[in-house]
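Sequential numbering of the sequence shown, starting at 412, is according to my numbering.
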Amino acid sequence: MGSGRPQAVHVIGAGPVGLMLTALLQSMDEFSVRLYEKRREYTRTRMVQLAPYLVADSIESYRTDAIDGDSIEALFDPLELEKGLAFRQSMPADLTALLHDWTLGFCPLNAIERSLSDLIDARESNGLRRSAIVISAEEAETMLESGDVLIDCTGSNSLLRDHLTPGSSGVDDGANTFKIRLEYALVITFLYGQPYDCNEYCKYYKNRDNAQYKFIPMVHRTHYDGSVSHVTGIVNITAEDYEAMPSRFDGQWLRSNFPGVAESMDRFIDKIKQETDGEIIGDLQIVRIPLDLYRARNATNRRWRTAGPSDHPFASSPVFLAGDSAIGSPYFQSISLGFESAMYLAGLLAQHDLPLKDMLDRYEVFMYKQWLRVYMRSKMIKHNKDLFESIDDPLALLDKLHIY
Ligand SMILES: Cc1cc2nc3c(=O)[nH]c(=O)nc-3n(C[C@H](O)[C@H](O)[C@H](O)COP(=O)(O)OP(=O)(O)OC[C@H]3O[C@@H](n4cnc5c(N)ncnc54)[C@H](O)[C@@H]3O)c2cc1C
């Protein structure tokens, strides 16, 4: 892919993953990055957590997640993992420092976006161009000149995912998307004025009197920042509940409209208060979301390239999906996977001597392994959650167990 001039890389979408990719490619002289983003400001305040494996410095520390660890060993060769770690260690120090900060606790999404965006702007420009613009699929296709690279980082409603297979002409929603709906959930966040942490015993004990609507804080989703604990967790709801709720609301709305869920939260929170003698600060913040697990069947335009001669731009220039546009998963793991896809892709693009076909194939294989990894982790979490819902009802519990 190498030529005299810097290679133009068009990154569409400056969410966390598009920004990470830009920050990585911007530090490589051979690329000139054009970053397109439709939002003018970073306003998403939701608290997110990054996986500690993002800053791992050894295979052992990369594999510490209780559920994910074995899958990593089963899916990846040690050499592949070593290469990934080596790339991480070669990343610019300013970026690595940010990653270390974020993996300490959990932080607002817009803090991640703003600090990456500021880092990119503060660096000496080497041809980076940022445009505040909504890009259409047609514009994405026509902006590609010979030798350019196009990377879609537009998130779960990806701009190009369903345009990557020839024949569908991009109008066929889902042409390149495989999706499983795991459940509907409320993501509930609140602040608590005392240190509070939670493990599986705590989740059980505090939900013991909640036959339905158990609140499940993530083990690592309680974060004490010196004076206040940030607690985030999920409550499983039915499809009917989901339809009857606005997309975002507070505790007061919940109390008036879904008293059953509010009472369950009250019982949980009362038990926290009995233990640590603190108070909730402010109100509950609640969003209702479908918890979907999905992947692009093709994370590149390889199908266009093998479909025979065509003058469509995707038949020649390479196109990649990264972040939520390629794989989406619930249970607070998506940004980390997105950052991994960005790192892997930046590492691939940097290998100038690699034939384009190999580059696309390697990215596809990597993304497929990431899919298997997150599929297994998500299904396991969902299964464990289902069992937990019936933990005090042995017959219901046995119904959910398929032992052999
Ligand atoms: C309630 C909630 C809690 C979450 N908590 C966590 C967590 O704890 N940990 C975790 O890892 N993940 C979490 N996630 C998921 C996480 O937010 C996403 O995985 C992450 O934001 C994906 O990053 P991205 O850059 O791929 O996509 P996005 O963040 O969706 O960014 C896409 C960007 O593309 C821009 N864009 C889209 N279309 C166009 C266009 N046509 N032209 C120009 N620009 C465009 C958008 O404006 C946006 O800025 C959570 C999600 C939710 C809903």
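A virtual CB, placed ideally from N, CA and C, is assigned to each residue, including glycine. The structure presented is a predicted model; accordingly, all values stated were derived computationally and were not measured.
Residue side-chain check: R450 places its Cβ nearer than 7 angstroms to a non-hydrogen atom of ligand 1. The beta carbons of I599 and V646 sit about 6 angstroms from each other, so the pair counts as a contact at 8 angstroms. The alpha-carbon separation between A497 and L435 amounts to approximately 14 angstroms.
Residues Y755 of the same chain have their beta carbon placed closer than 6 angstroms to that of F777, with the five preceding and five following residues left out of the count. As a beta-bridge residue in DSSP terms, D563 pairs with I423 and L732. In the displayed model, C518 falls within a strand according to three-state DSSP. P519 is not a Cβ neighbour of R451, given a cutoff of 8 angstroms. Here the distance from the Cβ of R534 to the nearest heavy atom of ligand 1 is not below 7 angstroms. Here the distance from the Cβ of Q781 to the nearest heavy atom of ligand 1 is not below 7 angstroms.
Contact between G662 and D694 is confirmed by a C-beta separation of about 5 angstroms, below the 8 angstroms threshold. Among the bridge pairs identified by DSSP, Y595 is matched with I648 and P701. In this structure, C518 has its beta carbon at no less than 7 angstroms from each heavy atom of ligand 1.
Secondary-structure assignment with DSSP links G739 through a beta bridge to Y705. Contact between T576 and Y705 is ruled out by a C-beta separation of about 15 angstroms, above the 8 angstroms threshold. Assignment of K449 by DSSP, reduced to helix, strand and coil, places it in the coil class.
Set against 7 angstroms, the gap from the CB of V646 to the closest heavy atom of ligand 1 is not smaller. Per DSSP, the continuous beta strand (DSSP E) segment holding D661 begins and ends at R659 to D661. Relative to the Cα of Q605, the nearest Cα in the group E651, M787, E690 and R534 belongs to E690. The secondary-structure analysis by DSSP pairs R541 across a beta bridge with L446. In this structure, DSSP gives V672 a helical state, which the three-state scheme calls helix. For R534, the closest alpha carbon among the candidates T433, T454 and S501 is that of T433. DSSP places Q744 outside any alpha helix (DSSP H), giving it a letter other than H or E. Proximity to D584 across M770, E594 and N568 peaks at N568, based on C-alpha coordinates. Annotation: the stretch 451-495 contains the following complete segments of the alpha helix (DSSP H) (minimum length 4 residues), in chain order: 470-473 and 479-486.
For L602, the beta-bridge partners assigned by DSSP are H641 and I692.
T588 carries a strand assignment under DSSP once its states are collapsed to helix, strand and coil.
For C564, the CB falls within less than 7 angstroms of some heavy atom of ligand 1.
DSSP places P628 in the strand class (E or B) of the three-state scheme.
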